[in-house]
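Numbering (our numbering), first residue to last: 590 to 642. The beta-carbon is built from N, C-alpha and C at its ideal position, and this holds for glycine as well. Accompanying notes for the structure given below.
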Amino acid sequence: MGELRLSIPNELHKELKQKALDKGISLKQLIIDIFKSYTGEKKSEASKIRREG
């Protein structure tokens, strides 16, 4: 597994940590889920553009 060190504003960290707590998951898992969702959306958009050409 790769590693990523990321510096984010304290307020954003607090918001993300609260979301993770609300969902009952770790902050790490929340960030992984966010990245997976983001890359999945980008792939879908690229496929749509290619199909519509």
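| Query | Result |
| --- | --- |
| Leu-605 vs Leu-619 beta-carbon contact at 8 Å | yes |
| Contacts around Lys-608, its chain only, beta-carbon distance under 8 Å, and the 5 residues preceding and following it disregarded | Leu-619 |
| Per-residue DSSP class, three states only, for Glu-604 | helix |
| DSSP three-state assignment for Leu-595, whether helix, strand or coil | coil |
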